[in-house]
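Protein chains in written order, with numbering that gives the first Met the number 0: chain A, 0 to 142; chain B, 0 to 381. Virtual Cβ for every residue (Gly too), placed ideally from N, Cα, C.
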Amino acid sequence: MRVMVFVKATEDSEEGMKPSPELNQLFVDMGNFNEALVNAGILVAGDGLKPSSHGKRIAFDGPERRVIDGPFAETRELVAGYWLWDVRDMDEAVEWVKRCPNPMFGPSEIEIRPLYEADDLAGLIPDEAAAIHDGVGKKLAEH
Amino acid sequence: MTADATQRAIETVFRMERPRLIASLARMTGDIDLAEELAQEALVVALAEWPSSGVPRVPGAWLTAVAKRRAIDAMRRRRMVDRKHAELARELGEAQVDIGEQIEAAVGNDVGDELLALIFTACHPAISADARVALTLRLVGGLTTQEIARAFLSTETAIAQRIVRAKNAIGQAAFTFEVPHGAERTRRLSSVLEVIYLVFNEGYAATAGDELVRPVLCAEAQRLGCILAALLPDEAEVFGLRALMELQASRLAARTGPNGAVVPITEQNPAHWDQLLIRRGLAALARAETLGGANGPYALQAALAACHARALRADDIEWPRIAGLYDRLRVAAPSPIVDLNRAVAYGMAFGPEAGLRLVEEIAGEAVLRNYPPLSAPIRGAW
Chain A
0 MRVMVFVKAT EDSEEGMKPS PELNQLFVDM GNFNEALVNA GILVAGDGLK
50 PSSHGKRIAF DGPERRVIDG PFAETRELVA GYWLWDVRDM DEAVEWVKRC
100 PNPMFGPSEI EIRPLYEADD LAGLIPDEAA AIHDGVGKKL AEH
Chain B
0 MTADATQRAI ETVFRMERPR LIASLARMTG DIDLAEELAQ EALVVALAEW
50 PSSGVPRVPG AWLTAVAKRR AIDAMRRRRM VDRKHAELAR ELGEAQVDIG
100 EQIEAAVGND VGDELLALIF TACHPAISAD ARVALTLRLV GGLTTQEIAR
150 AFLSTETAIA QRIVRAKNAI GQAAFTFEVP HGAERTRRLS SVLEVIYLVF
200 NEGYAATAGD ELVRPVLCAE AQRLGCILAA LLPDEAEVFG LRALMELQAS
250 RLAARTGPNG AVVPITEQNP AHWDQLLIRR GLAALARAET LGGANGPYAL
300 QAALAACHAR ALRADDIEWP RIAGLYDRLR VAAPSPIVDL NRAVAYGMAF
350 GPEAGLRLVE EIAGEAVLRN YPPLSAPIRG AW
């Protein structure tokens with residue numbers, strides 16, 4: 000099963016990266032952790048995200064679209080990085096996250112969310128929508 | 000955490016650590032059975048201690064240290080009087096050292112080599128193919144005998160017997176749990192790749208049972224392929240096999256219709272192909288080719304799968320290119336099935352006569368007389 004693993008932001012990460020011996024060490028530790036993920040055959044993709052001051056939000060309300068510039072307030076709910084893993088089950092994903100070095104300087108959280116798979120969606124998507132999704136899938140495949 | 004959740008967490012950690020733990024113990028004791036037994040004992044200790052002490056920071060090193068201490072005790076009991084004993088006597092001294100220090104020492108150990116040695120040993124060509132498959136899934140994949148039996152729709156007894164047979168063969172031949180080099184490595188590696196592809200194929204084109212595909216086996220084989228690629232980053236055919244499995248697996252969802260029947264590739268809906276796997280497969284194929292392995296049997300089959308993955312409509316399929324790849328595959332891995340598929344490709348690429356001429360050439364071969372596609376009209380049989 001595929002899971003998305005979100006590294007949640009902190010006040011530190013929202014300030015952006017600044018060179019420091021601690022940051023150097025974190026890069027080394029994270030590098031080793033990523034290598035272990037590759038060796039175990041579970042790492043599919045992953046990246047770090049810039050602070051939310053570089054981001055934008057679009058708020059929806061009926062026909063209205065309102066653009067909100069970052070930074071955003073609820074720091075601890077923001078995402079600072081992600082991985083995509085292919086694991087046997089959630090238990091395994093949890094144990095791998097436990098092995099991750101603390102990605103932040105101070106208390107932090109990592110969240111694991113399984114992706115919807117074809118079986119989960121079977122029966123949920125009406126035929127008409129399925130046809131559109133198929134068309135999109137085909138176009139995507141052409142890239 | 001509840002007691003139940005704690006136990007599940009411990010069992011998950013154990014499942015993750017087991018292959019490397021057994022690899023390390025097999026190297027040390029030269030005995031797979033004993034290695035499995037010691038690993039199991041380490042699990043029992045973990046189940047007793049971790050709920051109160053917490054899961055150690057480096058659980059693999061902890062389990063290894065505990066199991067190795069027990070190995071030394073077991074060896075002492077067995078009073079082995081050979082070179083191994085002398086080696087162990089030295090380690091016996093170390094056994095008196097604080098377990099914490101042993102764990103620290105084990106943390107830095109590169110166990111990749113030990114795992115690779117275990118894979119090469121479990122897949123030794125001296126062991127029959129079905130026994131190799133069962134042993135590899137058990138030791139390297141970390142599946143239980145019950146899980147393997149379920150995946151192969153066999154009984155636990157039958158799978159257990161295969162594993163025993165494999166272990167006996169290893170014991171009798173007195174394998175050394177080393178990574179082979181040179182020409183020997185090439186020969187042995189093809190046996191490893193064969194095992195992984197057998198596992199994949201049993202998932203992809205199930206030979207037993209009602210289900211036509213069993214994705215669990217495909218996933219297990221792909222994971223083994225990834226692990227092997229990380230251990231052998233310069234072996235072209237490892238990437239060729241990875242590419243082949245990923246490109247084929249990309250079509251798993253499109254391969255069975257609503258009524259459970261197999262949908263031929265030319266009738267599949269490309270929207271249901273897994274684009275992530277296609278990209279990974281193409282990248283692995285490119286890696287195999289960069290490493291000089293473009294003419295390896297797995298890389299060539301992956302290149303064929305890539306032709307189909309790239310073609311979104313039946314009309315887009317580059318049949319002349321496919322025909323050319325079959326020409327090369329015929330040299331790399333001659334087989335009547337390859338000849339037949341080559342004939343189909345020639346027919347699609349250069350007209351029915353070109354195909355039929357090749358069919359006539361091979362029609363006399365006895366092996367294929369009972370192969371259904373030969374009596375069926377020539378169409379996209381691949």
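Contact test: residue i Cβ vs the ligand ZN heavy atom, cutoff 7 Å
| i | result |
| --- | --- |
| A/ALA128 | For the ligand ZN, the structure offers nothing, since it holds no ligand at all. |
Simplified DSSP assignment, three categories, for residue i
| i | result |
| --- | --- |
| B/LEU152 | coil |
| A/PRO113 | strand |
| A/GLU63 | strand |
| B/VAL54 | coil |
| A/ILE124 | coil |
| A/VAL86 | coil |
| B/LEU290 | coil |
| B/PHE174 | coil |
| A/MET3 | strand |
| B/THR255 | strand |
| A/LYS17 | coil |
| A/ARG56 | strand |
| B/LEU117 | helix |
| A/GLY105 | coil |
| B/ASP273 | coil |
| A/GLY40 | coil |
Chain-ordered neighbours of residue i on chain A, where CB pairs are closer than 7 Å
| i | result |
| --- | --- |
| B/GLN194 | The residue asked about is misnamed: residue 194 of chain B is Val in this sequence, not Gln. None at all; the shortest Cβ gap to chain A is about 16 Å. |
| B/ARG222 | GLY40 |
Residue i at chain A interface by Cβ criterion, 8 Å
| i | result |
| --- | --- |
| B/ARG320 | no |
| B/GLN274 | yes |
| B/GLN95 | Note that B/GLN95 scores 49 on pLDDT, short of 50, meaning its location in the model is unreliable; the coordinates nonetheless yield the value given after this. Chain A, which has no Cβ nearer than 8 Å to the Cβ of B/GLN95, makes this no. |
| B/LEU311 | yes |
| B/ALA242 | no |
| B/ALA229 | yes |
| B/ALA390 | Examination of residue 390 of chain B is not possible in this model, given that chain B is present from 0 through 381 alone. |
Chain B contact for residue i (CB, 8 Å cutoff)
| i | result |
| --- | --- |
| A/ASN38 | yes |
| A/SER107 | no |
| A/ALA117 | yes |
| A/VAL43 | yes |
| A/TRP84 | no |
Contacts that residue i makes with chain B (C-beta to C-beta distance below 7 Å)
| i | result |
| --- | --- |
| A/GLU91 | THR11 and MET15 |
Proximity winner among the options, relative to residue i (alpha-carbon distances)
| i | options | result |
| --- | --- | --- |
| B/TRP49 | B/PHE13, B/ASP30, B/ARG341 and B/ARG131 | B/PHE13 |
| B/GLY29 | B/ALA41, B/ILE71 and B/VAL237 | B/ILE71 |
| A/VAL93 | A/GLU63, A/PRO106 and A/GLU110 | A/GLU110 |
| B/VAL358 | B/ALA125, B/ASP338 and B/ALA348 | B/ASP338 |
| B/GLN300 | B/ILE321, B/MET347, B/ILE316 and B/LEU311 | B/ILE321 |
| B/TRP318 | B/ARG329, B/LEU328, B/LEU303 and B/ALA332 | B/LEU303 |
| B/ALA310 | B/MET347, B/PRO335, B/LEU275 and B/ILE264 | B/ILE264 |
C-beta contact flag for residue i and residue j at 8 Å
| i | j | result |
| --- | --- | --- |
| B/ILE21 | B/ALA34 | yes |
| A/TRP82 | A/GLY30 | no |
| B/ILE226 | A/ALA130 | no |
| B/GLU236 | B/GLY295 | yes |
| B/ALA270 | A/ASP119 | no |
| B/ALA253 | B/GLN267 | yes |
| B/ILE118 | B/THR144 | no |
| A/ASP11 | A/PHE71 | no |
| A/ASP204 | A/ILE41 | Past the boundaries of the shown model lies residue 204 of chain A; chain A is included only from 0 to 142, so the question cannot be answered. |
| B/PRO214 | B/GLY202 | yes |
Chain A contact residues for residue i, given Cβ-Cβ distances below 8 Å
| i | result |
| --- | --- |
| B/PRO269 | GLY136, LYS137 and ALA140 |
| B/ALA8 | ASP90, VAL93 and GLU94 |
Where residue i meets chain B, residues with beta-carbon distance less than 8 Å
| i | result |
| --- | --- |
| A/ASP133 | ASN268, ALA270 and HIS271 |
| A/GLU127 | Under the 8 Å cutoff, chain B gives no residues; its nearest Cβ is about 15 Å from A/GLU127. |
Interface partners of residue i on chain A, CB under 9 Å
| i | result |
| --- | --- |
| B/ILE226 | ASN38, ALA39 and GLY40 |
is_contact[residue i, chain E] using C-beta, thresh 8 Å
| i | result |
| --- | --- |
| A/VAL2 | No chain E appears in the structure shown, which is made up of the protein chains A and B. |
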